[in-house]
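So the protein lines, in turn, are chains A and B. In short: position in the first sequence from 1, add 42, done, that's this note's numbering. In short: position in the second sequence from 1, add 42, done, that's this note's numbering. Positions of the beta carbon are idealized from the N, C-alpha and C atoms, including for glycine. No experiment lies behind these values; they were computed from the predicted model shown.
2 protein chains.
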Amino acid sequence: MRGTPPARRRRTAAERKGDLRERAILDTCEALLAEKGYEAMTVGDIAQGAGITRGALYFYFGSKQEVVTGLVARTVEHLWERSRATAANDDPRAAIAAAMRRTIELWNEHGLVMRTAIDLSLTVPEIGELWSRTADLFTGAITAVLERAGVPAGTEPHQASAMARALCWMIERSFYHASQESPEALRRASSACEHIWLTCAGLAGGDK
Amino acid sequence: MRGTPPARRRRTAAERKGDLRERAILDTCEALLAEKGYEAMTVGDIAQGAGITRGALYFYFGSKQEVVTGLVARTVEHLWERSRATAANDDPRAAIAAAMRRTIELWNEHGLVMRTAIDLSLTVPEIGELWSRTADLFTGAITAVLERAGVPAGTEPHQASAMARALCWMIERSFYHASQESPEALRRASSACEHIWLTCAGLAGGDK
DNA sequence: GAGAAAAATCGACATAGTGTAGATTTTGTG
DNA sequence: CACAAAATCTACACTATGTCGATTTTTCTC
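#1: So, Pro199/A versus Arg157/B, is the Cβ gap smaller than 9 Å?
#2: Taking Arg126/B as part of the alpha helix (DSSP H), name the residues at either end of that continuous run.
#3: Would you grab the beta carbon distance between Ile146/B and Leu240/B for me? Rounded to a whole angstrom, and I think it's under 8 Å.
#4: With distances taken Cα to Cα, identify the nearest neighbour of Arg207/A among His152/B, Ser216/B, Ala129/B.
#5: Could you tell me the alpha carbon to alpha carbon distance between Thr111/B and Arg96/A, rounded to whole angstroms?
#6: In or out: Thr128/B buried (at least 16 other Cβ within 10 Å) or exposed?
#7: Cutting at 6 Å between CB atoms, please list the residues of its own chain near Ala92/B, excluding the five before and the five after it.
#8: Assuming Ala183/B and Trp173/B make a contact with CB atoms under 8 Å, what is their CB distance in whole Å?
#9: In the region 174 to 208 of chain B, which residue ranges form an unbroken beta strand (DSSP E) of at least 3 residues, counting only runs that do not cross its ends?
#10: Is DSSP giving Ser232/A helix, strand or coil here?
#11: Listed in chain order, which residues of the region 149 to 175 of chain B have Cβ atoms closer than 7 Å to some Cβ of chain A?
#12: Can you tell me which of Ile94/A, Leu188/A, His237/A puts its alpha carbon nearest to the alpha carbon of Lys59/A?
#13: Would you please verify whether the beta carbon of Cys71/B is less than 9 Å from any beta carbon of chain A?
#14: Once you ignore the five residues that flank Glu189/B on each side, which residues in its own chain have a CB closer than 8 Å to its CB?
#15: Compare the Cα-Cα distances from Leu121/A to each of Ala234/A, Gln107/A, Asn150/A and report the closest residue.
#16: Out of Tyr102/A, Arg175/A, Leu75/A, Ala140/A, point me to the one whose CA is closest to Leu62/A's CA.
#17: Within the continuous alpha helix (DSSP H) that includes Arg58/A, where are the two ends?
#18: Thr165/A by DSSP, collapsed to three states: which one?
#19: In or out: Glu171/B buried (at least 16 other Cβ within 10 Å) or exposed?
#20: Where do the N-terminal and C-terminal ends of the alpha helix (DSSP H) with Ala89/B fall, by residue?
#21: What three-state label does DSSP hand Asn131/B in the structure shown?
#22: Once DSSP output is grouped into helix, strand and coil, what is the label at Gly244/B?
#23: Between which two residues does the alpha helix (DSSP H) carrying Phe101/B extend?
#24: I want to verify the contact list: residues of chain A whose CB lies under 9 Å from the CB of Thr117/B, in sequence order.
#25: So with Cβ pairs under 9 Å, would you call Thr185/A a contact of chain B?
#26: For the region 79 to 96 of chain B, which residues have a beta carbon sitting closer than 8 Å to at least one beta carbon of chain A?
#27: Just to confirm my understanding: we take Lys106/A, look at its own chain, exclude 5 residues before and 5 after, and list those with CB closer than 6 Å. What are they?
#28: Going by other Cβ atoms of all chains shown within 10 Å of its Cβ, with 16 needed for buried, is Ala136/B buried or exposed?
#29: Quick one: does Leu179/A have its CB under 9 Å from some CB of chain B?
#30: Quick check on DSSP: helix, strand or coil for Ser216/A?
#31: Is it right to say Thr197/A is buried, meaning 16 or more other beta carbons lie within 10 angstroms of its own, or is it exposed?
#32: Would Pro199/B count as contacting chain A if we go by Cβ distances under 9 Å?
#33: What number of angstroms, rounded off, separates the C-alpha of His152/A from the C-alpha of Tyr218/B?
#34: Give the single residue among Val187/B, Trp211/B, Ser232/B whose Cα lies nearest to the Cα of Ala243/B.
#35: Is Ser221/A helix, strand or coil when you go by DSSP?
Here is the structure:
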């Protein structure tokens, strides 16, 4: 992926032409992913979409997998920033509601890339690493909320940490499927997950 | 996949030679899947393992995907039978415990193929179909237990059906990851899932 | 058990996609 | 302007896929 320019900052704040291209490649990749899916998408397609030949593309990325890894990295960094920016909420109930709302947004916006990341986690170790880190972030957040709601801390099956991990997978998978259908399906899936999370936190409100 | 012989039953109960080969192919495929993974496994490898040439393999299956689909179908049919054979248990608590125990066994035994099925669900529609039917089976069973435990029936987010679907995905994903690690991890993941399921059913026993 | 039909197998070919290498052009800098 | 780094191209070598027609083996029938 074209070694990071070693610290040296160019006076001209203008980006090199290559930065443009690199972004164009990732954009094209994302578009093609939506259009024909990972398997069907060829390196030639991406290059063409970005306005260069295959040969030139290999100057930027060493393989199709690296391109997609770049795309996932870009998206996932965005997630991380966003998650860092989220103010910690004191009331567990509100925290859960906020988290779910944010998660819906994330999946509505980046569902495609997130699904791709999940699909390739197994085959592309780099992507697996990125996604597992993301999952850990989520699991940590869920754990915190559970503990604040009174669930005992610890890693035993009935304690916060283990439950949080299971809940994280539940949310991931539910959203993975729902985001393929429609925003409406996403909302419904989210509600179900939220309800289960609340129940686990011992906050199973009247209904809704 | 060599069209099913149209009804006509041979007097000789003996299988045709091809049935042997077909099984050998699937067995080899399973072995290679464990050994080098889906991507790395080539049609030539499979053929060689089964003692024939690529050309001959194409007589049985039209592509690598079809071979794997065959393998998934074989495994999944086994699951279905097994799930059909499970006696309905009256006590929800016992039913949940039994279901989890059975699920651990399934994943210990067929984890590899099940993970493969999940991974390819998106790219191979046939496999997606098989797996989604399997998930429906599980979801149905979970729904039944929840309802028997007093969770209101219906498809609203807080009702049995929607909750069951989320729980099903939770279990799938938790087991998917855990089965990659170790039988021990599988047990722990199972306990966490069981606890959440119990909690959702309103049966959050003292502790365990 | 001989012969015909069906099943199974082979080897050669055409195709498509990947990744590499060297030559060439573009761009920025002193 | 000249020179180095960046960016790009074309051509090639390699791998894997899937198809085809020819050939051999099995299986069935009488």
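This is what the structure holds:
#1: no
#2: 106 to 127
#3: About 16 Å; that fails the 8 Å criterion.
#4: Ser216/B
#5: 33 Å
#6: exposed
#7: Ala66, Ile67, Thr70
#8: Going by Cβ atoms, the distance from Ala183/B to Trp173/B rounds to 16 Å, so no, they are not a contact pair.
#9: none
#10: helix
#11: Asp161, Leu164, Thr165
#12: Ile94/A
#13: no
#14: Ala195, Ala202
#15: Asn150/A
#16: Tyr102/A
#17: Counting along the chain, Arg58/A falls outside any alpha helix (DSSP H), and DSSP gives it neither H nor E.
#18: coil
#19: exposed
#20: 85 to 91
#21: coil
#22: coil
#23: 96 to 102
#24: Those within 9 Å of Thr117/B in chain A number zero; the least Cβ separation is about 18 Å.
#25: no
#26: Gly79, Tyr80, Glu81
#27: Val85
#28: exposed
#29: no
#30: helix
#31: exposed
#32: yes
#33: 23 Å
#34: Val187/B
#35: helix
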